[in-house]
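J.: Structure in structure tokens, see below.
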Amino acid sequence: MVELVWLIPALPLIGFLILLLVGSRIGEPRAGWVATTAAAGSFLAAVVVLAGLLGKDAHSGDRSYELVLFQWLPSGSLKVEAGFLVDPLSITMALFVTGVGALIHLYSIGYMHGDPKYSKFFLYLNLFLFSMLMLVFGNNLVVTFLGWEGVGACSYFLISFWHRRESAATAGKKAFVTNRVGDWGFMVATFAIWSALGTVTYTEIASSPAMSAAAGTAVSLLLFVAAAGKSAQLPLYVWLPDAMEGPTPVSAMVHAATMVTSGVYLLVRMNGLLTDDALLVIAVIGAATALFAALSAVAQHDIKKVLAYSTISQLGFMFLAIGSGAYVAAIFHVITHAFFKALLFLGSGSVIHGMHDEQDMRKMGALRALMPITAGTFIVGWLAIAGVPPFSGFWSKDEILLAAWEQKNIGPLLWFVGLVTALLTAYYMTRQVILVFFGEQRWDEDVHPHESSWTMTLPLCLLAGAAIVGGGINLPLVKEWLVLEHFLEPIFAHPHHFSSGTSTKVVLAVISVVIGVLGITIATLAWLFRRIPTEQLEPEFLENAMYVDSTYARVVSGPGTSSFQKAADFDKGVVDGAVNGVGAAVRKLGQLIQPAQSGYMRNYATGVAIGALMILVVLAWGLLL
Amino acid sequence: MEITTGWYLVLGALLFVIGGTGLLIRRNPLVMLMCVELMLNGVNLTFVAFAQRLNDIGGQTVVFFVLVVAAAEVVVGLGLVVAILRRQPGTTADDLSALKG
Amino acid sequence: MFAPQLLGFVSPSINWWALLPQMILLGAALLILLLSSLAPRRSSTTFATVTTLSAAITAYFVSIGLWYDVEREGASSSIASAFGVDGFSIFFTMLILIALAITALLSHHYLDREGIDPPEFHALLLCSAAGAIVMAAANDLVVMFLGLEALSIAIYVMIAMHSRRSEARESAVKYFVLGAFSSAFLLYGIALTYGATGSTNLVHVREYLDAVVFRDQHMLMAAMGLLLVGLSFKVAAAPFHFWAPDVYQGAPSPVTGWMASIAKAAGFAALLRIFFAAFASHDSDWSPVVAVLAFVTLVVGAVMAILQTDVKRMLAFSSISHAGYVLVAVQSASNDGTAAALFYLFTYTLMVLGTFAVVGAMGSDDDHPLTRYAGLGRSKPLIALSLTALLLAQAGVPTTSGFIAKFQVISAAVSNQSYFLAGAAMVTAVIGAFMYLRIIMTMYVVDDDESGPSPVWHWTTSTVVLGTVIFTMVLGLVPQFLIEFAEQAVPILIRG
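Residue numbers (numbering that gives the first Met the number 0), protein chains in the order written: chain A, 0 to 624; chain B, 0 to 100; chain C, 0 to 495.
As structure tokens, this is what we get:
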């Protein structure tokens, strides 16, 4: 049954092709159903492959199956196959990508109702799913890179989907620019690995002898640059908050549940190469990102911006886990996060939909009576992300905090940062729930909030169920309950084991629960009972995400700043952001050499003559040496 | 004093450099064409000098090919220059700079 | 053959079969000129196009035959070793013939629209194609020079044929003066090679350099430098690239496509044959210089491209940065690198011809502002999609042939341990992507009330665009056959 793996990416591809050919003809809602069927079929295929994989012996290495389609690149000593690798890691990723993906497809049928580009939206969604599955199943770095570029391009198209909005087009460009930096890291890492190990195939990399420490660290850091671009880590995260310009299902699927976790996947996949020095860097940056993004989330007013910064913060947690060597905890959190963050985003989409495209939380309030299902499921997501047991987020976050505690260089510090982040997370999520669903009604008279249709609420209910019980796949303390850990174990070069005793574990868990409850309490006092003056809780500094974004905008790219203004003068179209985004340095360099292109042929001839002299001088110099 | 091959080579190089410099500093398109011819003739002289030193007929035959190519080039070049001068009399090389950046 | 023998001259053996492709092309050129001058009225475009196409196709079949000959009997050379008959020359012959057929198709509608005389244009096109083939196949530097001049002089006139436009006149003069200037450098390089090694024949040069412990290094170095200058100009490598943007912008679009593809390919063919094949024993001398050129070219091409607002100038700088990638492959001075360069040139030629097919159809050549493409995604979705595919291929996005080409070039550089250059190539690929992205965004990102342009389409253009897009996409998935083709086409120098 494992041989059926090709079906998993093939189904979304077929869906994409059908929509490409007849999408606009079959129109709404059939186009949506085609895409949803393809995604659901892909999920079923993944379940079948999982069943096949489970039927094989766990320890003899049988649970790693390669399906080579054809020889893609036979270039000299570098051979690259177009092939799939099925192993516990890739199938775990595929299951939640297709599962959550299918639910979000279903949700979009209702959410995109009446959009003039209805079928095109589903076309992009299916293409995205296909690319994501190529990324996950590729049996070597080059095929993964193909998926990597594919998801980047789809993300870019989907952010700019409503591109009549100026800001949507700009945000799309921002995502493209930062992602290209990550892509560069990926490319260089690929060639560096090939040059050091002579192969880019995962199974061969895993069995290769170790690189020298310096080379290993360099490769690890390059991989981390790639991962940081895709997974929005400091300092490459600037694009993710802006990416919320896209339709909400896109935010849920691409920018919360799936694509942004591909950086985590990449690092876990390459776990054998990561050196201790690199892991420390990853842990520190992960922790810093988690804290920084949580601080920024505290003062946002836009319902989706809160969730966007929260996503960055949770991704920081995952990198903290990787940096601490706890790869299973990272993947565990990827999965639970996919459940509850997709739930929260879809819930916020339901609110936005019901409120007629209102996104400002200051104009909401008391919606729970009018949107009971949305409110109920959103509260489940809130409890999960806040780390309240027994919801799924508690288990995975607790494992990460434990791993951070045990990190051998600066463990307690990382743990403390994680704890503060957990406090902030509980706080800002509570604030959001209260602002949206409780308190007094603050919307205008002419707005009539309503509950969404079943295609939107059904995915919410299913995701809420998953967010409640999702932690069950990896429960601590009893060894047999660590299902995910045992399942993933074969893929790790150095399996990670927690060294702390049961009492330490329990104490740490109790502390994190207390911290979570504390955050919830503060927020409740402040926002529901108004016991704490809220003005002091959201200083302007935090609201503007510590001005990092605008500083970036001033230096590198972004809307509304002086450099952007210059670019707008330079080219009246909407495309200047891309050019601008390359960075002032590149433009400066260009403007520096542009005068040489003066139009005077005698200057050009001088260029030829000078070039000739230089070449002769260089050659003569070579003779002298 | 005996005139060795080296002298011819130096003369050829000088002609080449003079032609090249002329092309860089003169504005009149016709003079620029003549400068290119000067460069080619410098090369021709070099070929003949080497043929003499190597005692090889090949270098001398090359000169004929070069002359033919130069003639063909001049035909096209003059045609282009005349086409431009007829429309805009007194055009210099520096006037042809609308395409730039 | 009596007369030459009477004079004590033995005519060298000539493999007429191997010369057939370019003889067919020249014959077709003469035929077109002759028949059109005999015809009473202004001759039809169709006649010229059909003749050129049939000549290209016939010659292509001859080259296929030649390829199997070479595979069976091994490489050889003809006319006193002046003309190589090897995989390399046939590879380029085929590439040039494909480009010739495409350019003939593209010019068909263009010549009618712009009122240019078809017979002269086609005759010149055929001559320059023959020149390009000679240049790629020449085993003798003088023959190579003749091929280069036949190619270039024909192109000077082709640019200037659109004489009503001052841009065309300006770019023709620019290309002519600078081209002649750089040819003089090339010729001087040939003269010094002759002086240093005693022959202009590459087979002889190679044997001489392999056998002799060389005393006259200075002259050989100067020769290599000057040859490099002349050929770098043809392939538009920085700092010899200045002409390219101006000339590409001013020239008629089909001619621009022809220059960007074939003039460049032939230049690289000569570069590879001279430096990789003949100066192989001195690769430690020339390879670093080529590496520096490659670096400068990559940077200039990528950085300048993003400052442009005219689509033809954008593509000109993009073609400069493509030259940089091929130079990265050339400097590795290895069989892998040369095969990578050949693969790159083949895929690049088809991409760039497809791109200029769209550009040419987008209307008048006076200027090509980016804004003219605004909304093409709405008014002509299929064309916009095709152009997107071609531009993504030029950017080197996976599943296109451009990705495979860049991948091979960079892996050749890595295996040659040119890590810095490989890294630079990757950075410039990232920077360069913005320029392509900008064109794509302009086509798709428009306001609702804006309607896109609706250029007039001729079926010849659609055929070319469709063909090049299919080739580009298919090759991105199954590149193996072209990779093997390129590996068998690495140049060899054989006395014959």
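No residue lacks a Cβ here, since even glycine has one placed at the ideal position from N, Cα and C. The model shown is predicted, which means the values in this text are computed figures rather than measured ones.
Might you give, ordered along the chain, the residues of its own chain that have their beta carbon closer than 6 Å to the beta carbon of A:Q299, omitting 5 neighbours on each side?
T.: Excluding residues within five positions, the ones whose Cβ falls inside 6 Å are V305.
J.: A:I25 versus chain C: which residues are under 9 Å apart at the beta carbon?
T.: Neighbours of A:I25 on chain C: none; closest Cβ ~17 Å, over 9 Å.
J.: Measure the alpha-carbon distance for A:K571 versus A:F121 and round it to whole angstroms.
T.: With a pLDDT of 30 at A:K571, under the threshold of 50, the modelled position of this residue cannot be trusted; read the value that follows with caution. Approximately 31 Å between the Cα atoms of the pair.
J.: Name the residue from A:G151, A:K396 and A:G54 whose alpha carbon lies nearest to the alpha carbon of A:L474.
T.: It is A:K396.
J.: Count the other CB atoms within 10 Å of the CB of C:S317; is the residue buried (16 or more) or exposed (fewer)?
T.: Counting Cβ neighbours within 10 Å, C:S317 comes out buried, since at least 16 surround it.
J.: Thinking just about the alpha-carbon of each residue, which of C:V310, C:L150 and C:I319 is nearest to the one in C:V234?
T.: Nearest C-alpha to C:V234: C:I319.
J.: Please list the partners that B:L22 has in chain A, where partner means a Cβ-to-Cβ separation under 8 Å.
T.: Per Cβ cutoff of 8 Å: R601 and A604.
J.: Can you tell me which of A:L265, A:A584, A:A195 and A:P494 puts its alpha carbon nearest to the alpha carbon of A:G228?
T.: The residue with the shortest Cα to Cα distance from A:G228 is A:L265.
J.: Rounded to a whole number of angstroms, what is the C-alpha to C-alpha distance between A:L401 and A:I378?
T.: Their backbone Cα atoms lie some 26 Å apart in a straight line.
J.: For B:A70, which residues in chain C fall below 8 Å Cβ to Cβ?
T.: Within chain C, no residue comes near B:A70; the closest Cβ sits about 11 Å away, beyond 8 Å.
J.: With distances taken Cα to Cα, identify the nearest neighbour of C:S62 among C:L29, C:L19, C:V49 and C:I31.
T.: When each option's Cα is compared against that of C:S62, the closest is C:L19.
J.: Should C:L185 and C:L226 be called a contact, given that it needs their Cβ atoms to be closer than 8 Å?
T.: Cβ atoms of C:L185 and C:L226: closer than 8 Å.
J.: In the structure shown, what three-state DSSP assignment does C:E483 receive?
T.: Helix, per DSSP.
J.: Can you tell me whether A:F121 is helix, strand or coil according to DSSP?
T.: In the structure shown, A:F121 sits in a helix (DSSP, three-state: H, G or I).
J.: Closest Cβ-Cβ distance between B:T45 and chain C: below 8 Å?
T.: Chain C, which has a Cβ nearer than 8 Å to the Cβ of B:T45, makes this yes.
J.: Would you call A:V554 buried or exposed, if buried means 16 or more other Cβ atoms sit within 10 Å of its Cβ?
T.: Only weak support exists for where A:V554 lies, its pLDDT of 44 falling under 50; the coordinates are left without a value.
J.: Looking at the structure shown, is A:Q70 part of a helix, part of a strand, or coil, going by DSSP?
T.: Strand, per DSSP.
J.: In chain order, what residues of the same chain lie with their CB nearer than 7 Å to the CB of C:D366, ignoring the 5 residues before and after it?
T.: Contacts found: D309.
J.: Do the CB positions of A:N178 and A:G151 come within less than 8 Å of each other?
T.: Yes; because the gap between Cβ atoms is below 8 Å, this pair is in contact.
J.: Ordered along the chain, which non-local residues of its own chain (more than five positions away) have a Cβ less than 6 Å from that of A:V578?
T.: Residue placement at A:V578 is poorly supported in this model, since its pLDDT is 37, which falls under 50; the coordinates still yield a value, given next. Excluding residues within five positions, none has a Cβ falling inside 6 Å.
J.: For the alpha helix (DSSP H) that B:L8 lies in, which residues bound it at each end?
T.: Here the alpha helix (DSSP H) through B:L8 covers T4 to I24.
J.: Inspect the beta-carbon positions of C:G336 and C:I403 and report whether they are closer than 8 Å.
T.: No, the Cβ-Cβ distance between C:G336 and C:I403 is not below 8 Å.
J.: Under 7 Å Cβ-Cβ, which residues of chain C neighbour A:D56?
T.: Simply none; closest approach about 35 Å.
J.: For C:V84, which beta-bridge partners are listed by DSSP?
T.: DSSP, once it has assigned bridges, lists C:S75 as partnering C:V84.
J.: Go to A:L369, then tell me how far its beta strand (DSSP E) extends in each direction, as first and last residue.
T.: Note, A:L369: premise wrong, no beta strand (DSSP E); not H, not E.
J.: Please state whether DSSP places A:D445 in a helix, a strand or coil.
T.: A:D445 falls in the coil class under three-state DSSP.
J.: Determine the direct distance from the alpha carbon of B:Q59 to that of C:L389, and round the result to whole angstroms.
T.: Answer to the nearest angstrom: the Cα atoms are 49 Å apart.
J.: A:V616: buried (16+ other C-beta within 10 angstroms of its C-beta) or exposed?
T.: By the neighbour-count rule (16 or more Cβ atoms within 10 Å), A:V616 is not buried but exposed.
J.: Got a sec, what are the start and stop residues for the beta strand (DSSP E) A:K78 sits in?
T.: First-last of the beta strand (DSSP E) with A:K78: L77 to V85.
J.: A:A465 and A:F338 - do their beta-carbons sit closer together than 8 Å?
T.: Contact: yes.
J.: Which residues bound the alpha helix (DSSP H) around A:G515?
T.: Segment T501 to A522, the alpha helix (DSSP H) holding A:G515.
J.: Please identify, using Cβ separations under 9 Å, the residues of the region 239-270 of chain C that lie next to chain A, in order along the chain.
T.: Cβ contacts with chain A come from F239, H240, F241, W242, P244 and D245.
J.: From the DSSP secondary-structure annotation, give me the bridge partner or partners of C:P368.
T.: Bridge partners of C:P368: C:D309.
J.: Restricting to Cα atoms, I'd like to know which of A:M133, A:S312, A:L134 and A:A9 is closest to A:A289.
T.: It is A:S312 whose Cα lies nearest to the Cα of A:A289.
J.: Rounded to the nearest angstrom, what separates C:R272 and C:A135 at their Cα positions?
T.: C-alpha separation (whole angstroms): 8 Å.
J.: List the residues of chain B whose Cβ lies closer than 8 Å to the Cβ of C:G197, in chain order.
T.: Correct list: L53 and D55.
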